[in-house]
Amino acid sequence: MLQGNNTEQSDPGNRSVGGFSVIETAKRVLEMFCPGTVSCADIIALAARDAVEIAGGPRVQIPTGRRDGMVSIASNVRPNIVDTSFTMDEMLKLFSSKGLSLLDLVVLSGAHTIGTAHCNTFRGRFQQDRNGSLRLIDQTIDTNYADQLIKQCPINAQPSVAVNIDPETSMLFDNQYYRNLLDRKVLFQSDSVLMNNDDTRKLVEDFANDQELFFDNWGVSFVKLTSIGVKTDEEGEIRRSCAATNIV
Numbered sequence: 001m002l003q004g005n006n007t008e009q010s011d012p013g014n015r016s017v018g019g020f021s022v023i024e025t026a027k028r029v030l031e032m033f034c035p036g037t038v039s040c041a042d043i044i045a046l047a048a049r050d051a052v053e054i055a056g057g058p059r060v061q062i063p064t065g066r067r068d069g070m071v072s073i074a075s076n077v078r079p080n081i082v083d084t085s086f087t088m089d090e091m092l093k094l095f096s097s098k099g100l101s102l103l104d105l106v107v108l109s110g111a112h113t114i115g116t117a118h119c120n121t122f123r124g125r126f127q128q129d130r131n132g133s134l135r136l137i138d139q140t141i142d143t144n145y146a147d148q149l150i151k152q153c154p155i156n157a158q159p160s161v162a163v164n165i166d167p168e169t170s171m172l173f174d175n176q177y178y179r180n181l182l183d184r185k186v187l188f189q190s191d192s193v194l195m196n197n198d199d200t201r202k203l204v205e206d207f208a209n210d211q212e213l214f215f216d217n218w219g220v221s222f223v224k225l226t227s228i229g230v231k232t233d234e235e236g237e238i239r240r241s242c243a244a245t246n247i248v
């Protein structure tokens, strides 16, 4: 949330992230009624939780009391996020470093049941031919789905063009993502690789067949995710504004 030169917001991987104004609005209202009490970190975690529930997902109780960090550096972004071209080993290494398991990886990937993504996030699964058109080079994608993506994201598409991550129920938090995986209709390479591992494929099949099972596991994994690296007690601060530290 911190703005400025060389902050995390300035990393190319974060430039398309939206919703900052929503968090700031919530912060301004909270500061009116209970100043210096609710951190921006708590607002983000609670907003993510509520967005899932509003979209049809499970209700999850999460602990609060987080404090806001004082430092934001662009170089910290890449080592801490999954790139859409990651292999299974790369994802497992990153998740393991955060105390998250293989089960957490499969469950949290289910967040791709909602949202949109820009064309460049999956462009590596296609190649430009001599005629200037795109052709599929990743054979793990359903060819009909690939044709749809090429129509939605032609080679000359504007950078702002985005497509639904879930082509079936993009506004609904459900288990459709896992059914899409079985049908080879997922957007990112980092999604498709879940089908290349016996353990993750079995979990995908289980969640595709049982939405309640996915929702139950989502609650557990989401709480773990929102508890990583939390600052409490005398660490950090509770910002008056999410865009800047109290000491500027």
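For the sequence shown, the positions run 1 to 248 when UniProt numbering is used. For every residue, glycine included, the Cβ atom is placed at its ideal position computed from N, Cα and C.
What's the gap between the Cα of residue i and the Cα of residue j?
i	j	result
residue 237	residue 246	8 Å
residue 144	residue 106	25 Å
residue 88	residue 29	42 Å
residue 45	residue 146	34 Å
residue 317	residue 219	The first residue shown for the chain is 1 and the last is 248, placing residue 317 beyond what the model contains.
residue 244	residue 108	30 Å
residue 39	residue 17	20 Å
residue 133	residue 83	25 Å
residue 101	residue 232	24 Å
residue 14	residue 27	21 Å
residue 228	residue 127	38 Å
Go ahead and label residue i buried or exposed: buried means 16 or more other beta carbons lie within 10 angstroms of its beta carbon, across all protein chains shown.
i	result
residue 153	buried
residue 32	exposed
residue 37	exposed
residue 8	buried
residue 76	exposed
residue 165	buried
residue 171	exposed
residue 129	exposed
residue 204	buried
residue 52	buried
residue 113	buried
Under the three-state reduction of DSSP, which class applies to residue i: helix, strand or coil?
i	result
residue 212	helix
residue 126	strand
residue 2	coil
residue 281	Outside the shown range of the chain, which is 1 to 248, sits residue 281, and nothing can be said about it.
residue 245	coil
residue 116	strand
residue 98	coil
residue 237	strand
residue 78	helix
residue 15	coil
What are the uninterrupted segments assigned as alpha helix (DSSP H) that are 4 or more residues long and contained completely in the region 150-205, given in chain order?
The region 150-205 contains, as complete alpha helix (DSSP H) runs of 4+ residues, the segments 176-182 and 189-192 (chain order).
In the region 35-76, which residue ranges form an unbroken alpha helix (DSSP H) of at least 4 residues, counting only runs that do not cross its ends?
Runs of the alpha helix (DSSP H) inside the region 35-76: 40-54.
Any contact between the region 47-63 and the region 71-81? By contact I mean 3 or more CB pairs, one from each, below 8 Å.
Not touching, per the Cβ criterion.
Evaluate the contact criterion for the region 156-165 versus the region 116-127: three or more CB pairs, one atom per stretch, below 8 Å.
Taking one beta carbon from each stretch, the region 156-165 and the region 116-127 have 3 or more pairs nearer than 8 Å; the two touch.
Tell me, please, whether the region 212-225 touches the region 188-202 by the rule of three or more beta-carbon pairs shorter than 8 Å.
Contact between the region 212-225 and the region 188-202 is absent, with fewer than three C-beta pairs closer than 8 Å.
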